[in-house]
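**Student:**
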Amino acid sequence: MEFPILSVMIFTPLLGMIIVMMINKEKHNLIKWTSTLISVLPLILSLIILFQYDSSTAEMQFVEKSSWIPSLSIQYFLGVDGLSVPMLFLTALLSTISLIVSFHIQKRVKEYFAFFLLLEAGMMGVFCALDFFLFYIFWEVMLVPMYFLIGVWGGPRKEYAAIKFFLYTLFGSIFMLVGILVLYLKTGTLDMLELIELGPTYSHAMQNWIWVAFFLAFAIKVPIFPFHTWLPDAHVEAPTAVSIILAGVLLKMGTYGFLRISYPMLPHGTQFFAYPFAILGVIGIIYGALVSMAQKDLKKLVAYSSVSHMGYCVLGMGVFFINSEGAAHITGLAGCIFQMFSHGLITGALFLLVGVLYDRAHTREIAAFGGLGAKLPVYTALMTAFAMASLGLPGMSGFVAEFMVFVGAFASPDFQVMTGIAVIGVVLTAGYILRMVQRVFLGEFNVKWKDLTEINGREIFAVAPLLILTLALGVYPKPLVNMISATLENIVYLVMR
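Per the working numbering: the sequence shown ends with 501, consecutive numbering throughout.
(1) Just tell me which of Val148, Ile178, Gln275, Thr474 has its CA closest to the CA of Phe390.
(2) Apart from the five residues just before and just after Phe445, which ones in its own chain have a Cβ nearer than 6 angstroms to its Cβ?
(3) To which residues of the same chain is Ile104 closer than 8 angstroms at the C-beta, ignoring the five residues directly before and after it?
(4) Mind checking which residues open and close the beta strand (DSSP E) that includes Glu68?
(5) Using three-state DSSP, classify Asp363 as helix, strand or coil.
(6) Could you give the residue range of the beta strand (DSSP E) that holds Ile78?
(7) Going along the chain, which unbroken runs of the alpha helix (DSSP H) with 4 or more residues stay wholly within the stretch 30-69?
(8) Quick one: is Asp363 buried, meaning 16 or more other Cβ sit within 10 Å of its Cβ, or exposed?
(9) Mind the definition here: the stretch 473-492 touches the stretch 390-402 only if three or more C-beta pairs lie below 8 angstroms; say whether that holds.
(10) If you count every other CB in all the chains shown that lies within 10 Å of the CB of Thr100, and 16 or more means buried, which is it?
(11) Quick check on DSSP: helix, strand or coil for Glu241?
(12) Quick one: using the 10 Å Cβ neighbour count with 16 as the cut-off for buried, is His232 buried or exposed?
(13) Excluding sequence positions up to five away, which residues of its chain have a Cβ less than 8 angstroms from the Cβ of Ala331?
(14) Classify Ala415 as helix, strand or coil using the three-state DSSP reduction.
(15) Enumerate in chain order the residues of its own chain whose CB-to-CB distance from Glu201 is below 8 angstroms, with the five nearest sequence positions on each side excluded.
(16) Alpha carbon to alpha carbon, how far is Val67 from Met5? Give it in angstroms, no decimals.
(17) Let me check one thing: in DSSP terms, what residues is Ala223 bridge-paired to?
(18) Where does Ala165 sit, in a helix, a strand or coil, going by DSSP?
(19) In the DSSP assignment, find the alpha helix (DSSP H) that holds Phe465 and state where it starts and stops.
(20) Can you have a look at Ile326 and say buried or exposed, based on whether 16 or more other CB atoms are within 10 angstroms of its CB?
(21) Using alpha carbons as the reference points, say which of Val186, Leu498, Ile52 lies closest to Met269.
(22) Check each candidate in Ile154, Phe7, Leu98, Met25 and name the one with the smallest Cα separation from Leu82.
(23) Looking only at its chain, what residues have a beta carbon closer than 8 angstroms to the beta carbon of His108, apart from the 5 residues adjacent to it on each side?
(24) According to the Cβ coordinates, are Ile248 and Gly352 closer than 9 angstroms?
(25) I'd like the list of long-range same chain contacts for Val441, defined as Cβ closer than 8 angstroms, with 5 residues on each side in sequence excluded.
(26) Among Leu194, Thr244, Thr173, which residue has its Cα nearest to the Cα of Gly258?
(27) With DSSP as the reference, please indicate the residues paired to Ala133 in a beta bridge.
(28) Grab me the residues of Gly252's own chain with a C-beta within less than 6 angstroms of its C-beta, minus the 5 sequence neighbours each way, in chain order.
(29) For my contact list, Gly292 and Val318 are in at a C-beta cut-off of 8 angstroms; report their separation, rounded to the angstrom.
(30) Can you tell me whether Glu458 is helix, strand or coil according to DSSP?
(31) Would you call the CB atoms of Asp237 and Arg161 closer than 9 angstroms?
(32) Rounded to the nearest angstrom, what separates Thr193 and Phe136 at their Cα positions?
(33) Around the C-beta of Tyr316, are 16 or more other C-beta atoms found within 10 angstroms, so that it is buried, or is it exposed?
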């Protein structure tokens, strides 16, 4: 029997949560170090999967499958492909980084770190599950720890933000459950791979209705305009580490759901809604950028920028097609996956660095600062680097992702006008990012901040891997592109069959 590497990745944080709950609540350092060290194991395992994954095939790998509840055809079924392997690594990396930057937590430390480990287990499970029952359990498990992490350790309006997040996500989950039940009653199976094979046999009307049900669940998670209103509240009120996970991983579960479930499983529905889907992506790009320009709060600016940047993912998902030679044109979809990974790195780092400044200054008002570059040169260099990555500076991963989306979209005559409009988002992004850098770090130094301290070694250690990966993928994107290509070609062919 092969080593159950996926199960170990999922259940190590769960076991860690139990261990943490058994530690004396007064031993804060022991709780923090134990939680962080436990989270390192899934990170190591994700690296092993990353290097052992065979990118030449779209077949599921590291598969674990056994009967669970035979009477309902429910299986314990795990596996990964080019879509989920990068996201598993990103989840493991950001979880470890989030725990490192949470060392300043002093309120109910044991509960905080226990909830965080439970959240990590749920996220890992979503990216591995290939049985709908298992997928839905992991999807819902994430709700509980995230609700408490925002509602207990958040800012002044934490209860409002936590309840809003919970209700929005639960609302979408109910529609997803309806879609799952319809498919189960139609086919008698919850095996996601079997349901994908049966996709063309479903009637067009049935596919369209189920596609809409799944759309509501995944669109809220992305979030796609106009389902985005929970996001800024959740980000602003959440602790720094929770914002990192929210932006870096949870938003990606929406796009992952579309590509894992809606696209291959409901091919007619996907083709039917492709054009309006892409339009929503363009609206998100422009709307998110315009609202970001109006923000006075640093964290709100980064939060709304996520709406804009996830719009590129939605546009990329909408522009798949088969060209005149019969080959799958996957550049837009590849740009979507690249953006998912890149946005997780960049925005995760931006929220981390905003949190570093807030911990020292106790304000996020952009107008309150000025000239910090002279006082905090290392912090300024890091923040400016990720700001440039966010606006799509060539040589960084953000540029590669956006370029691939635009190339994929412009290659189809049907999407050229839409692509031209979307490009305006790049200019708007440069506007609000450069304005933020100028007002916070340049100009005359505000003497009010003469006692601010530089970013410390622990915080640099946490953000350094994100910077290295952002630069590495910006200069040499080939490894990630190669990893996802076979899987995306398979997804397009499943949609167009």
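Even glycine gets a Cβ: it sits at the ideal position worked out from N, Cα and C.
**Tutor:** This is what the structure gives:
(1) Counting from 1 along the sequence shown, the entry for residue 390 is found at position 386. Selected option, being the one with the closest Cα: Thr474.
(2) Residue numbering aside, residue 445 sits at position 441 when the sequence shown is read from its first letter. The answer, listed in chain order, is Leu376, Gly377, Thr384.
(3) Taking the sequence shown and counting its residues from 1, the one referred to as residue 104 is at position 100. Answer for Ile104: Thr40, Arg462, Phe465, Ala466, listed in chain order.
(4) Stepping through the sequence shown from its first residue, residue 68 is reached at position 64. Here the beta strand (DSSP E) through Glu68 covers 65-73.
(5) If you number the sequence shown from 1, residue 363 lands on position 359. Note: Asp363 maps to helix in three-state DSSP.
(6) For the purposes of this step, residue 78 is identified with residue 74 of the sequence shown, where counting begins at 1. Note, Ile78: beta strand (DSSP E), 78-84.
(7) 32-56
(8) Within the sequence shown, the letter at position 359 stands for residue 363. Exposed, since its Cβ has fewer than 16 Cβ neighbours within 10 Å.
(9) yes
(10) Within the sequence shown, the letter at position 96 stands for residue 100. Result: buried.
(11) As a position in the sequence shown, residue 241 is number 237, starting the count at 1. Correct three-state label for Glu241: helix.
(12) Within the sequence shown, the letter at position 228 stands for residue 232. Per the 10 Å Cβ criterion, buried.
(13) Within the sequence shown, the letter at position 327 stands for residue 331. Its pLDDT being 46, under 50, Ala331 is placed unreliably by the model, and nothing is read from it.
(14) What you label residue 415 is simply residue 411 of the sequence shown in a count that begins at 1. Ala415: coil per DSSP, three-state reduction.
(15) As a first step, residue 201 is located in the sequence shown; it is residue number 197 there, counting from the start. Contacts found: none.
(16) Within the sequence shown, the letter at position 1 stands for residue 5. Within the sequence shown, the letter at position 63 stands for residue 67. Its pLDDT being 48, under 50, Met5 is placed unreliably by the model, and nothing is read from it.
(17) Taking the sequence shown and counting its residues from 1, the one referred to as residue 223 is at position 219. Its beta-bridge partners do not exist; DSSP assigns none.
(18) For the purposes of this step, residue 165 is taken as residue 161 along the sequence shown, with counting starting at 1. Ala165: helix per DSSP, three-state reduction.
(19) Position 461 of the sequence shown holds residue 465. From DSSP, the alpha helix (DSSP H) with Phe465 extends over 461-479.
(20) The residue given as residue 326 occupies position 322 in the sequence shown. Model confidence at Ile326 stands at a pLDDT of 48, short of 50, so the residue's coordinates are unreliable and nothing is read from them.
(21) Numbered from 1 along the sequence shown, position 265 holds the residue referred to as residue 269. Nearest option by C-alpha distance: Leu498.
(22) If you number the sequence shown from 1, residue 82 lands on position 78. If we check each option's Cα against that of Leu82, Phe7 comes out closest.
(23) Reading the sequence shown from its first residue, position 104 is the one you call residue 108. Asp363.
(24) The count along the sequence shown starts at 1 and reaches residue 248 at position 244. The count along the sequence shown starts at 1 and reaches residue 352 at position 348. Contact flag set, yes.
(25) On the sequence shown, residue 441 is found 437 positions in, with the first residue counted as 1. Cβ within range, chain order: Met387, Thr388, Ala391.
(26) As a first step, residue 258 is located in the sequence shown; it is residue number 254 there, counting from the start. The shortest Cα separation from Gly258 among Leu194, Thr244, Thr173 belongs to Thr173.
(27) Counting from 1 along the sequence shown, the entry for residue 133 is found at position 129. Looking at the DSSP assignment, Ala133 forms a beta bridge with Leu82.
(28) The count along the sequence shown starts at 1 and reaches residue 252 at position 248. Answer for Gly252: Leu98, Gly348, Gly352, listed in chain order.
(29) In the sequence shown, residue 292 corresponds to position 288, counting from 1. In the sequence shown, residue 318 corresponds to position 314, counting from 1. Not really, about 11 angstroms apart at Cβ, beyond 8 angstroms.
(30) Taking the sequence shown and counting its residues from 1, one reaches residue 458 at position 454. Three-state DSSP puts Glu458 in coil, outside helix and strand.
(31) Position 233 of the sequence shown, counted from the first residue, corresponds to residue 237. Position 157 of the sequence shown, counted from the first residue, corresponds to residue 161. Contact: yes.
(32) Looking up residue 193 in the sequence shown gives position 189. Looking up residue 136 in the sequence shown gives position 132. Distance between the alpha carbons of Thr193 and Phe136 is about 9 angstroms.
(33) Position 312 of the sequence shown, counting from 1, holds the residue named residue 316. Answer is buried; the Cβ neighbour count reaches 16.
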